[in-house]
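**Q** First to last, the sequence lines map onto chains A and B.
Heads up, the first sequence is in the working numbering, so the first residue is 1 and it goes up one at a time.
Heads up, the second sequence is in the working numbering, so the first residue is 1001 and it goes up one at a time.
Even glycine gets a Cβ: it sits at the ideal position worked out from N, Cα and C.
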Amino acid sequence: MTDITAGHSERSRWEAFVYALRFLFAVLRARPLFALGYFIVLLVVVLAIFAPLIAPYEPEVANPVDFLQGPSWRHLFGTDATGMDIFSRIVYAPRIDLTIALAGTMISAVVGSFIGAVVGYYQEGGGFGSFGAGFVMRAADVLQAFPVFVFAIALVAIFGQSLESIIAAIAFVNAPIYLRLMRSQVLAIRNMRYVEASYVSGASDLMIMLRHIIPNSMAPILAQLSVNIGWSILLTAALSFVGAGVVAPTPEWGSMIAMGFQNIITGQWWPSVFPGIALAVTVFGFALVGASVEVLADPARRRALAGSLRERKKPA
Amino acid sequence: MAAAKMTVAVEAGAPGSAMLDIAGLNVSYPVYEEEPVRAVQDLDLSVRPGEIVGLVGESGSGKTTLARAVMGLLTQPGRIDDGSIRFDGKDMRALSENQLRAIRGRDIAMVIPNPRSELDPLIPVGKQIAAVARAHLDIGRAEADEMALDMLKAVHIPDPTRRFRAFPHELSGGMAQRVVMAISLVCSPKFVISDDATSGLDVTVQAQVLDLLRTLVREHDTSMLFITRDIGITAHFCDRVAVIYRGEIVEFAETASFFDNPQHPYSVMLLAAFAHNPALRNKWHKPLASTEAVAGRACQYAPRCVHREDACDERHPDLRELGARHHVRCHFPVERVA
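(1) In this structure, does DSSP put VAL1306(B) in helix, strand or coil?
(2) Select from the region 183–217 of chain A all residues with a C-beta closer than 9 Å to any C-beta belonging to chain B, and list them in chain order.
(3) Expressed to the nearest angstrom, what Euclidean distance is found between the alpha-carbon atoms of MET1006(B) and GLU1051(B)?
(4) When DSSP labels each residue in this structure, what does SER226(A) get in the three-state scheme?
(5) So what does DSSP say about MET1224(B), is it helix, strand or coil?
(6) In chain order, what residues of the region 275–306 of chain A put their CB closer than 8 Å to some CB of chain B?
(7) With a cut-off of 8 Å, do at least 3 Cβ pairs link the region 1169–1176 of chain B to the region 1116–1123 of chain B?
(8) Does the separation of the CB atoms of VAL186(A) and ALA117(A) fall below 7 Å?
(9) Do you know how far the Cα of LEU24(A) is from the Cα of VAL18(A)?
(10) With a cut-off of 7 Å, does the C-beta of SER1117(B) fall near any C-beta of chain A?
(11) How should THR5(A) be labelled, buried or exposed, when 16 other C-beta atoms within 10 angstroms of its C-beta is the threshold for buried?
(12) Under 7 Å between the Cβ atoms of LEU88(A) and ALA55(A)?
(13) If we ignore side chains and look at the alpha-carbon of each, how far apart do ALA223(A) and LEU210(A) end up?
(14) Give me the residue from THR1222(B), HIS1326(B), SER1059(B) and ASP1107(B) with the minimum Cα distance to ASP1230(B).
(15) If we define contact as Cβ-Cβ less than 7 Å, is VAL1132(B) a contact residue for chain A?
(16) Tell me whether ALA62(A) sits in a helix, a strand or coil according to DSSP, three-state version.
(17) What residue range is occupied by the uninterrupted beta strand (DSSP E) comprising GLY243(A)?
(18) At 9 Å on the CB atoms, spell out the chain A contacts of ARG1079(B), in chain order.
(19) Using 10 angstroms around the beta-carbon of TYR1032(B), count the other beta-carbons present and answer buried if the total reaches 16, otherwise exposed.
(20) Please say whether ILE1249(B) and SER1061(B) have beta carbons closer to each other than 7 Å?
(21) Does any C-beta atom of chain A lie closer than 7 Å to the C-beta of ARG1068(B)?
(22) Just the C-alpha distance for ASP1037(B) and ARG1079(B), rounded to the nearest angstrom, thanks.
(23) Using DSSP bridges, identify the partner residues of ILE153(A).
(24) Between the alpha carbons of PRO1303(B) and SER1223(B), how many angstroms are there, rounded?
(25) In or out: PRO94(A) buried (at least 16 other Cβ within 10 Å) or exposed?
(26) Counting only the same chain and skipping the five closest in sequence on each side, list residues whose C-beta sits under 6 Å from that of PHE1259(B).
(27) Can you give me the Cβ contacts of PHE77(A) inside the same chain, cut-off strictly under 7 Å, excluding the 5 residues immediately before and after it?
(28) Might you give, ordered along the chain, the residues of its own chain that have their beta carbon closer than 7 Å to the beta carbon of ARG1281(B), omitting 5 neighbours on each side?
(29) Between which residues of its own chain and GLU1146(B) is the CB-CB distance below 7 Å, once the five residues before and five after are set aside?
(30) Would you please verify whether the beta carbon of ALA1144(B) is less than 7 Å from any beta carbon of chain A?
(31) For TYR122(A), name the three-state secondary structure that DSSP assigns.
(32) Does any CB atom of chain A fall closer than 7 Å to the CB of ALA1023(B)?
(33) Starting from SER1028(B), follow the beta strand (DSSP E) in both directions and report where the run begins and ends.
(34) Any Cβ of chain A within less than 7 Å of the Cβ of ALA1207(B)?
(35) Going by Cα to Cα distance, which pick from ILE1085(B), ILE1112(B), PRO1113(B) and ASN1114(B) is closest to GLY1100(B)?
(36) Please state whether DSSP places ASP1145(B) in a helix, a strand or coil.
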């Protein structure tokens, strides 16, 4: 009897935390690509938070005397045509890019998967539920039928070129992905025997949905989330590149590439190439994290991975 | 534990005292542009407090449909056409969904097969037991956890404190079945429906699990409807045995009476199928067992019956009481098996 209360005590929770941490490190040792992904994402987040400490110059202050300087010790990545320090601007950029991407993706994930869960749960009931589900799905079809990029530009054009409207555009474009993903998951999960068993033991619809269906449908959503954040950063940059996104002096990778690309012809490659590399590496990092989350969110796959870790130790 | 201790002897056939009383139940599944499939036909069945009734039948005989009808869980498009289901004095068909939900898991529990798929893969099994207790009993988290742990001990799971935190994929089939039993018994229900609960287990584990289930049911003075396709199990396990064929009860008797003197040719065939003597097996089994639909009023079993006579094709037999509480639905009940 006392054991069970010990299960909730502070000490065992701490032990569980230590165990989880050690397990994570073991996984990272065995899967270096996962480690690389986490390292990149962590680096980008650190850059965003500590940008003022890391950046040697103000990101939005132009120094016309030092325009288009090549990479040197004074300006690590050189300066752009207006004389702003490119390294400082790259360091500051994740503040904008990550905010937009995270907010846009989170909104679309929460709204999309909630609607998807409801649609999936009531789709097979017949009557009004099926009709409503069909309507929602066709609406999602229409949303997805638009070319993503044109749709996003149109939204920004309508709502104006502000941070909020870019976030809204990204949320709108991504929501159908989560809606479909969640719906297909819920359709499969709701026919599982444990859902029925829960119903048989007297659980309400809401309880079944919250306790059984949504947690069991989350693994692909979580994996999609990370990939999608990377993809949203790309979309933000692309919007800025064509001039529909973040406005000029604000440090943002896409607009930096756009500002610098005329200079490539005349041989000054650094204003475009460095933000481009930063962008590519960041997106790659989020994709790797997505792959690792997919494995770690599923207890059975996590267990299989843990088993393979243990076996690898034996011969050594 | 269960409130009032009642012995089987107390009730003497008074209909009000039955825990579950099914009368004239008809369940059908409509089929497009055809006659509906009548899965359960004019079925009467009662289970007394503390009694274990076995329900034996082959695939498609209506066992599961009956169980689901009792729980109010018929799968679409099945529907109850007629008849009454009274549980503990309450008319189950008249209850609202909310009232049914309060009864399910609390007063009636159901054990369905494939134990592992009945457990949510993301929740530790102890928590799943506790969740059912919390949903029905007015208790806190710690108390529910304690009840769940007690249940894990009661179903003889080795190292219960560790298993409490185990995920379903970490358990063997036998252990998962024990957990499922713990879930169904945690609220000390008055009635348990076990639908083919042991079908996925090997024989040794099955014997242990059944033994345990019976002990627990007896301790809690719970009644049980034990649905199975294995007639052998019922001999040791049940107080009374009902044989269902094509949605009809064809024989219903005390276990001893049933196995001493089975009277319906179908029951005899089921028993003979287990016999080691091939001559006995063949004697009661038609090699070309027809499954053709039985027209109109004939006996349902006539096409497969080795004792078929003209009367079998003309009149549908009623369930008659032959001998002490031994009911048989046959015009020409079997006198001697061998």
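**A** Straight from the coordinates:
(1) VAL1306(B) falls in the coil class under three-state DSSP.
(2) Of all residues in the region 183–217 of chain A, those with a C-beta nearer than 9 Å to a C-beta of chain B are MET192, ARG193, TYR194, VAL195, GLU196, ALA197, SER198, TYR199, VAL200, SER201, GLY202, ALA203, SER204, MET207, ARG211, HIS212, PRO215 and ASN216, reading in chain order.
(3) A caution first: MET1006(B) carries a pLDDT of 40, below 50, which makes its placement in the model unreliable, though a value can still be read off. If you draw a straight line from the Cα of MET1006(B) to the Cα of GLU1051(B), it is about 10 Å long.
(4) Here SER226(A) sits in helix by DSSP.
(5) The answer is strand: DSSP assigns MET1224(B) an E or B state.
(6) Cβ contacts with chain B: PRO299, ALA300 and ARG303.
(7) Enough Cβ pairs lie closer than 8 Å, so yes.
(8) Closer than 7 Å, so yes.
(9) CA-CA distance, VAL18(A) to LEU24(A), rounds to 10 Å.
(10) Cβ-Cβ to chain A under 7 Å: yes for SER1117(B).
(11) Note on THR5(A): pLDDT 43, under 50, position unreliable in the model; no value is reported.
(12) Going by the sequence as given, residue 88(A) is Ser instead of Leu. Yes, they are a contact pair.
(13) Answer to the nearest angstrom: the Cα atoms are 20 Å apart.
(14) It is SER1059(B).
(15) Yes, contact with chain A.
(16) In the three-state scheme derived from DSSP, where H, G and I count as helix and E and B as strand, ALA62(A) is classed as coil.
(17) Where GLY243(A) is concerned, there is no enclosing beta strand (DSSP E), given that its DSSP letter is neither H nor E.
(18) By Cβ distance, chain A contributes nothing, its closest Cβ being about 14 Å from ARG1079(B), past 9 Å.
(19) Burial check for TYR1032(B): the Cβ neighbour count within 10 Å stays below 16, so the residue is exposed.
(20) The answer is no: Cβ separation not under 7 Å.
(21) Answer no: the Cβ-Cβ gap between ARG1068(B) and chain A never drops below 7 Å.
(22) In the sequence on display, residue 1037(B) carries Val and not Asp. Their Cα atoms are separated by approximately 11 Å.
(23) None, per the DSSP bridge assignment.
(24) Rounded to whole angstroms, PRO1303(B) and SER1223(B) show a C-alpha spacing of 36 Å.
(25) By the neighbour-count rule (16 or more Cβ atoms within 10 Å), PRO94(A) is buried.
(26) Beyond the five residues adjoining it in sequence on each side, PHE1259(B) comes within less than 6 Å, by CB distance, of ALA1235 in the same chain, given in chain order.
(27) Taking PHE77(A) as the centre and dropping the five residues before and after it, the same chain places the C-beta of PRO71, ILE86, PHE87, ILE90, TRP270 and PHE274 closer than 7 Å to its C-beta, in chain order.
(28) Excluding its 5 nearest sequence neighbours in each direction, ARG1281(B) has C-beta neighbours in its own chain below 7 Å: ALA1272, ALA1273 and ALA1275, listed in chain order.
(29) For GLU1146(B), where only same-chain residues beyond five positions count, there are no Cβ hits under 7 Å.
(30) No, ALA1144(B) lies away from the interface with chain A (no Cβ there is under 7 Å from its Cβ).
(31) Helix, per DSSP.
(32) The beta carbon of ALA1023(B) does not come within 7 Å of any beta carbon belonging to chain A, so the residue lies off that interface.
(33) For SER1028(B), the uninterrupted beta strand (DSSP E) segment begins and ends at 1020–1031.
(34) For ALA1207(B), the answer is no, since every Cβ of chain A falls outside 7 Å of its Cβ.
(35) The amino acid at residue 1100(B) is misidentified as Gly; the sequence shows Leu. It is ILE1085(B) whose Cα lies nearest to the Cα of LEU1100(B).
(36) Per DSSP, reduced to three states, the secondary structure at ASP1145(B) is helical.
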